[in-house]
Amino acid sequence: METPIGKVVHYFGKVGAAVVKLTQPLAVGDKIKIKDGENSWEQEVASMQVDRVAVSSAKAGDEVAIKLDSKAREGALLIVEK
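According to this note's numbering, numbering within the sequence shown proceeds without interruption in unit steps and concludes at 82.
What follows is the structure, encoded as structure tokens:
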């Protein structure tokens, strides 16, 4: 079952990273799916930052920056398979 865990609130095109507002915990190494309208792709969380500091995990309510394999628009969903 797919569970949304966050939403893209900003995308930095120059560095290919998105700021995501989490509704569930997320950790480096988690496999996620990004769903952006009709487009979607899967990737592993290789690294993430909170307030420009590298972290290995984040909790619900945090805004994290994650490097993405493709461009994502604001409002795109992050999903994990549960």
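Note that beta-carbon positions come from the ideal geometry of N, C-alpha and C, so glycine has one too. Please read these numbers as outputs of a predicted model, since none were measured by experiment.
Here DSSP, grouped into helix, strand and coil, assigns residue 6 to strand. In the DSSP assignment, residue 17 forms a beta bridge with 12, 67.
The C-beta of residue 48 has 16 or more other C-beta atoms within 10 Å across all chains shown, which makes the residue buried. In this structure, the beta-carbon distance from residue 29 to residue 44 falls below 8 Å.
In this structure, residue 20 lies near residue 63, with their beta-carbon atoms less than 8 Å apart. In this structure, residue 68 places its C-beta atom within 8 Å of the C-beta atom of residue 16.
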